[in-house]
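For the sequence shown, this note's numbering assigns the number 422 to the last residue and increments by one with no breaks.
Virtual Cβ for every residue (Gly too), placed ideally from N, Cα, C.
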Amino acid sequence: MYHLGDVVQMKKPHACGENKWEILRLGADIRLKCMGCGHMVMIARSNFNKKLKKILTMADDPKTADLEYYVPTDQIARPNLKK
Ligand SMILES: [Zn+2]
């Protein structure tokens, strides 16, 4: 199972050649950010499940924090959610 802030690999890499995506939003649609170029996409959850290859790292893993476009989980904007 995947969570907000996880980095995942898809069956096809992004056009920039990178194949690491960070999950920025979970809902009926899932927002992903390419960790190679910072490009963001929205994808329907059912479509995401089909295209997902594997989960690379969990949220807040120190390894992913070193990547240029990493957004720490607590900085992902979630205006509609209360903690
Ligand atoms: Zn990219």
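Please go through the same chain and pick out, in chain order, the residues whose beta-carbon is closer than 6 Å to the beta-carbon of residue i, but skip the five residues on each side of it.
{"i": "THR363", "result": "According to the sequence provided, residue 363 is Leu. The question's Thr does not apply to it. These residues qualify, in order along the chain: ARG370, LYS372 and ILE415."}
Is the separation between the beta-carbon of residue i and that of residue j shorter than 9 Å?
{"i": "PRO411", "j": "GLY366", "result": "no"}
{"i": "VAL380", "j": "GLU361", "result": "no"}
{"i": "LYS393", "j": "MET374", "result": "no"}
{"i": "GLN348", "j": "LEU395", "result": "yes"}
{"i": "LYS351", "j": "LEU391", "result": "no"}
Using 8 Å as the cut-off, classify the Cβ of residue i as near or not near the heavy atoms of ligand 1, replying yes or no.
{"i": "GLU407", "result": "no"}
{"i": "GLY366", "result": "no"}
{"i": "GLU361", "result": "no"}
{"i": "HIS378", "result": "yes"}
{"i": "GLY344", "result": "no"}
Mind checking who residue i pairs with in its DSSP beta bridge?
{"i": "MET349", "result": "LEU391"}
Take residue i and list the residues in its own chain whose beta-carbon comes closer than 7 Å to its own, dropping the five residues that flank it on each side.
{"i": "ASP368", "result": "MET381, ILE382, ALA383 and ARG384"}
{"i": "GLU427", "result": "Any answer about residue 427 is impossible in this case: the structure gives the chain only from 340 up to 422."}
{"i": "ASN386", "result": "none"}
Open item on the list: At 4 residues or longer, what runs of the alpha helix (DSSP H) sit wholly inside the region 360-399?
Closed with: 384-390
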